[in-house]
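Numbering (my numbering) for the sequence shown: 19 to 117.
Each residue gets a CB set at the ideal place from its N, CA and C atoms; glycine is no exception.
Here is the structure we will look at.
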Amino acid sequence: MLDMVKSFKELTPELEKFAGGKGYMLSRMFQDGYPVPEGFVILPAAFQEGELKSEAWNKIQYYLNAIKEKSGKSLFAVRSSALSEDSQKASFAGATYSC
């Protein structure tokens, strides 16, 4: 479960290719002290055959509860991404459905 879900504080450069550009840059800005709200990234290892693993769901719930407890709010934004969305020559950000 080590690399299924990482908070912005925990995300390392080695995981950039799995976190995606936006998730990784938000984590870097957070780590560098910019005014970025706490958050986390759900990595590809959190899924098996298209379904979220229960261990990953437990970690997501942990992070959501920690954020709510610290900020007193439960507002959040979700950004979906797929590993195949971006390449060196093209970006397909927003091509997948988000709900």
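How close, in whole Å, do the beta carbons of residue i and residue j come, if the pair is a contact with beta carbons under 8 Å?
| i | j | result |
| --- | --- | --- |
| residue 59 | residue 37 | 5 Å |
| residue 24 | residue 33 | 6 Å |
Are the CB atoms of residue i and residue j nearer to each other than 8 Å?
| i | j | result |
| --- | --- | --- |
| residue 49 | residue 26 | yes |
| residue 57 | residue 44 | yes |
Taking the alpha-carbon of residue i as reference, which of the options has the nearest alpha-carbon?
| i | options | result |
| --- | --- | --- |
| residue 22 | 94, 81, 88 | 81 |
| residue 97 | 76, 42, 79 | 42 |
| residue 90 | 55, 31, 35 | 55 |
| residue 61 | 67, 88, 35, 52 | 35 |
| residue 78 | 30, 67, 94 | 94 |
Quick check on the DSSP output: what are the complete alpha helix (DSSP H) runs of length 4 or more inside the stretch 21–75, in order along the chain? 34–37, 39–49
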